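Novice: Sharing a structure here in structure tokens format.
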Ligand SMILES: C[S@@+](CC[C@H](N)C(=O)[O-])C[C@H]1O[C@@H](n2cnc3c(N)ncnc32)[C@H](O)[C@@H]1O
């Protein structure tokens, strides 16, 4: 988003102040400020971390209340359904899920244009998103990894079937044709998926003007025990899709339960204030971006629900396929057996493989050692590490491009995105790797009248952005596997050099 777009936000921030949204502790009751920001926070552009976001307007203390958004300013299903025409139409379609109803509500509200109470807010929502459901066939295939392709297909078909199911209601509401399209549906679902905040009275959550300008920081190792316990007691900030309503914490597998514990308390609806309250989760210097934890996500989950990924994501992980007997010989949940983003196998993966590598007859007597993390034989440990390392090699060898190839391709995509001279762009694409040529074919690169020059229209630019996300994702996936191979090899070599006969397992 460009600087001039920031200027147009002024009207929105004044409207927000009139609704009682405020970043000033002294002034929380006042609705007469020219802007709801300026005391603790300011809207700014952070090109490498989310684009438009909120920065510290002064030095902020950890734990300080930095923004309050009253309940009356939140866009919820309840508040939109105060419209009588909408609510009576919706009552005839209660077979739709709460999220589908919220999606229809949002499109209906958009259809009101300037007559909508929330128009100043709706006007500044992003016009497009890069979530997996928006990926074309080419962009989907660029992910290369079956699991990721499957997740994308699932996201696309879910969007399509939900749209079809809601179509009758939208027709009944006489939505304008542009709001009836699948494209509009995906836009509205992406808005809900990437911007809603958790509220205690509706699982769909709410859209929170100004509060949804916070960009994301991943929960990492900085969280301590006290914060963890506190976070269990309070509800979270932006919706945690990984813990959506289908799952209660009672039946969560161990490591996902830990992830739940790690959600921090940087934003929550506070019944006492009757408002959404946001707290600084760290100390911030003036000008630094103030970030919010939306939940614990892998990069694929971030892509699926939010349309971005993190270069350094402490919660990223890779699942490697195990043989059926490896799953059945232990009681670890499948989700807990993976490779961490630093290349280290998870405790559960190591433990399951150690158990599996114990000769059948000894499993009963030695099994508890594999679970507890105490000493097993060097032979057992080496066979486990070799198995992991070999399987990482197999996965990497079956993928069509290498880490180096993907890194080079990312540079090419950056050049494509930044090209100012269409002629050079055309020449470069003709010279470059086959995937770049395939992009040329798959996308609608516009030919100028003389046929020789190429222009990157905004649609093609967005397609190149999604292609870049796909390549960046697969590169990070491959790096985790390569780091895992190095990690395993290093330990195996250290055994041989020390000639040790027993080993601490963790
Ligand atoms: C709740 S909105 C945050 C505000 C948003 N940047 C805006 O301009 O309205 C969430 C979206 O911001 C972007 N985003 C948030 N955190 C990000 C990050 N750390 N890196 C890249 N994009 C991020 C993603 O597009 C995401 O879907």
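Numbering (the UniProt record's numbering), first residue to last: 1 to 506. Beta carbons are placed, not taken as given, at the ideal position from N, Cα and C, and that holds for glycine. None of these values were measured; they are calculated from a predicted model.
Mapping DSSP to helix, strand and coil, what is residue 470?
Specialist: As a first step, residue 470 is located in the chain shown; it is residue number 470 there, counting from the start. In this structure, residue 470 counts as helix in the three-state DSSP scheme.
Novice: Taking 6 angstroms as the cut-off, is the beta-carbon of residue 215 closer than that to any non-hydrogen atom of ligand 1?
Specialist: The residue given as residue 215 occupies position 215 in the chain shown. Under cutoff, so the answer is yes.
Novice: Starting from the C-beta of residue 324, find all residues in its chain whose C-beta is less than 8 angstroms away, skip the five residues before and the five after it, and write them out in chain order.
Specialist: The residue you call residue 324 lines up with position 324 of the chain shown. Once the five neighbours on either side are set aside, residue 324 has no close Cβ partner at all.
Novice: Locate the alpha helix (DSSP H) running through residue 300, then write down its first and last residues.
Specialist: Translated into the one-based positions of the chain shown, residue 300 becomes position 300. Its alpha helix (DSSP H) spans residues 299 to 306.
Novice: For residue 470, tell me which candidate among 135, 25, 103, 431 has the shortest Cα-Cα distance.
Specialist: Your numbering for residue 470 matches position 470 in the chain shown. Checked all of 135, 25, 103, 431; the closest Cα to residue 470 is 135.
Novice: Quick check: is any heavy atom of ligand 1 less than 6 angstroms from the C-beta of residue 49?
Specialist: Numbered from 1 along the chain shown, position 49 holds the residue referred to as residue 49. Correct: residue 49 has its Cβ closer than 6 angstroms to ligand 1.
Novice: Out of 171, 129, 189, 141, point me to the one whose CA is closest to residue 103's CA.
Specialist: Working through the chain shown from its first residue, we reach residue 103 at position 103. Checking every option, the nearest Cα to that of residue 103 belongs to 189.
Novice: DSSP three-state label for residue 82, please.
Specialist: As a working note, residue 82 is residue 82 in the chain shown. It is coil, neither helix nor strand.
Novice: Cβ-heavy atom distance between residue 307 and ligand 1 below 6 angstroms?
Specialist: Within the chain shown, the letter at position 307 stands for residue 307. Residue 307: yes, Cβ under 6 angstroms from ligand 1.
Novice: Determine the burial state of residue 201: buried for a count of at least 16 other Cβ atoms within 10 Å of its Cβ, exposed for fewer.
Specialist: To locate residue 201, count along the chain shown from 1; it is residue 201. Label assigned to residue 201: exposed.
Novice: Once DSSP output is grouped into helix, strand and coil, what is the label at residue 48?
Specialist: Within the chain shown, residue 48 is the residue found at index 48, counting from 1. DSSP, read as helix, strand or coil, puts residue 48 in coil.
Novice: Keeping to the same chain, check which residues put their C-beta closer than 8 angstroms to that of residue 383; ignore five residues upstream and five downstream.
Specialist: Along the chain shown, one-based indexing puts residue 383 at 383. Within the same chain, residue 383 has close Cβ partners 357.
Novice: How is the beta strand (DSSP E) around residue 61 delimited, first residue to last?
Specialist: The residue labelled residue 61 in the question sits at position 61 within the chain shown. Residue 61 -> no beta strand (DSSP E), and no H or E assigned at all.
Novice: Report yes or no: do three or more beta-carbon pairs, one from the segment 53 to 68 and one from the segment 273 to 280, lie closer than 8 angstroms?
Specialist: yes
Novice: Given 6 angstroms as the limit, tell me if residue 195 has its C-beta closer than that to any heavy atom belonging to ligand 1.
Specialist: For this step, residue 195 is matched to residue 195 along the chain shown. Yes, ligand 1 has a heavy atom inside 6 angstroms of this Cβ.
Novice: Using the Cα positions of residue 170 and residue 334, report the straight-line distance between them to the nearest angstrom.
Specialist: Position 170 of the chain shown, counted from the start, is the residue given in the question as residue 170. Position 334 of the chain shown, counted from the start, is the residue given in the question as residue 334. Each residue's alpha carbon lies about 40 angstroms from the other.
Novice: Assuming residue 339 contacts residue 320 (C-beta within less than 8 angstroms), just tell me the rounded distance between them.
Specialist: Sequence index remark: in the chain shown, residue 339 carries index 339 (1-based). Sequence index remark: in the chain shown, residue 320 carries index 320 (1-based). 7 angstroms between Cβ atoms; contact.
Novice: Counting beta carbon pairs with one atom in the segment 298 to 307 and one in the segment 115 to 135, are three or more of them shorter than 8 angstroms?
Specialist: yes
Novice: Can you find a heavy atom of ligand 1 that lies under 6 angstroms from the Cβ of residue 23?
Specialist: Your numbering for residue 23 matches position 23 in the chain shown. It does not: the Cβ of residue 23 is nowhere closer than 6 angstroms to a heavy atom of ligand 1.
Novice: Please list, in chain order, all residues of the same chain as residue 36 whose beta carbon is under 7 angstroms from its beta carbon, the five residues on each side excluded.
Specialist: Indexing the chain shown from 1 puts residue 36 at position 36. Taken in chain order, the residues that qualify are 13, 16, 17, 21, 22, 23, 210.
Novice: According to DSSP, residue 278 sits in a beta bridge with which residue or residues?
Specialist: The residue you call residue 278 lines up with position 278 of the chain shown. In DSSP, residue 278 forms a bridge with 67, 267.
Novice: Check whether the segment 468 to 485 touches the segment 396 to 413, counting contact only when three or more Cβ pairs, one atom from each stretch, lie closer than 8 angstroms.
Specialist: yes
Novice: Does the segment 389 to 398 come close enough to the segment 352 to 366 to have 3 or more Cβ pairs within less than 8 angstroms?
Specialist: Per the Cβ contact rule, the segment 389 to 398 is not in contact with the segment 352 to 366 (fewer than 3 Cβ pairs under 8 angstroms).
Novice: In whole angstroms, what separates the C-alpha of residue 492 from that of residue 363?
Specialist: Locating residue 492 in the chain shown gives position 492, counting from the first residue. Locating residue 363 in the chain shown gives position 363, counting from the first residue. Their Cα atoms are separated by approximately 23 angstroms.
Novice: If you follow the beta strand (DSSP E) that residue 199 is part of, which residue opens it and which one closes it?
Specialist: One-based indexing of the chain shown puts residue 199 at position 199. It spans 197 to 199 - the beta strand (DSSP E) in which residue 199 sits, taken as one unbroken run.
Novice: Residue 57 and residue 286 look like a contact to me (Cβ under 8 angstroms); what is the Cβ gap, rounded to whole Å?
Specialist: As a working note, residue 57 is residue 57 in the chain shown. As a working note, residue 286 is residue 286 in the chain shown. Confirmed, Cβ separation roughly 7 angstroms.
Novice: Have a look at the DSSP bridge pairing and note the partners of residue 339.
Specialist: For this step, residue 339 is matched to residue 339 along the chain shown. In the DSSP output, where bridge partners are listed per residue, residue 339 has 318, 345.
Novice: Residue 216: which of 53, 385, 443 sits nearest, CA to CA?
Specialist: Counting from 1 along the chain shown, the entry for residue 216 is found at position 216. Among 53, 385, 443, the Cα nearest to that of residue 216 belongs to 53.
Novice: Excluding five sequence neighbours on each side, which residues of the same chain lie with their C-beta closer than 6 angstroms to the C-beta of residue 429?
Specialist: The sequence position of residue 429 within the chain shown is 429, counting from 1. Only 436, 440 meet the Cβ criterion.
Novice: Using a threshold of 6 angstroms, is the CB atom of residue 466 nearer than that to any non-hydrogen atom of ligand 1?
Specialist: What you label residue 466 is simply residue 466 of the chain shown in a count that begins at 1. False, no ligand heavy atom lies under 6 angstroms from that Cβ.
Novice: Specify, as a first and last residue, the run of the alpha helix (DSSP H) that residue 457 falls within.
Specialist: Position 457 of the chain shown holds residue 457. It is not in any alpha helix (DSSP H) - residue 457 carries neither H nor E in the DSSP assignment.
Novice: Is it true that the segment 147 to 161 meets the segment 479 to 495, where meeting means three or more beta-carbon pairs spaced less than 8 angstroms apart?
Specialist: Under the 8 angstroms Cβ criterion, the segment 147 to 161 does not count as touching the segment 479 to 495, having fewer than three qualifying pairs.
Novice: Compute the beta-carbon to beta-carbon distance between residue 403 and residue 298, rounded to the nearest angstrom, for a pair I have assumed lies under 8 angstroms.
Specialist: Here residue 403 refers to the residue found at position 403 of the chain shown. Here residue 298 refers to the residue found at position 298 of the chain shown. No, residue 403 and residue 298 are not in contact; Cβ-Cβ is about 19 angstroms, not under 8 angstroms.
Novice: Residue 26 by DSSP, collapsed to three states: which one?
Specialist: Position 26 of the chain shown, counted from the first residue, corresponds to residue 26. In the structure shown, residue 26 sits in coil (DSSP, three-state: anything other than H, G, I, E or B).
Novice: With respect to 6 angstroms, is the separation between the Cβ of residue 52 and the closest non-hydrogen atom of ligand 2 below this value?
Specialist: Ligand 2 is not among the ligands present in this structure, which contains only ligand 1.
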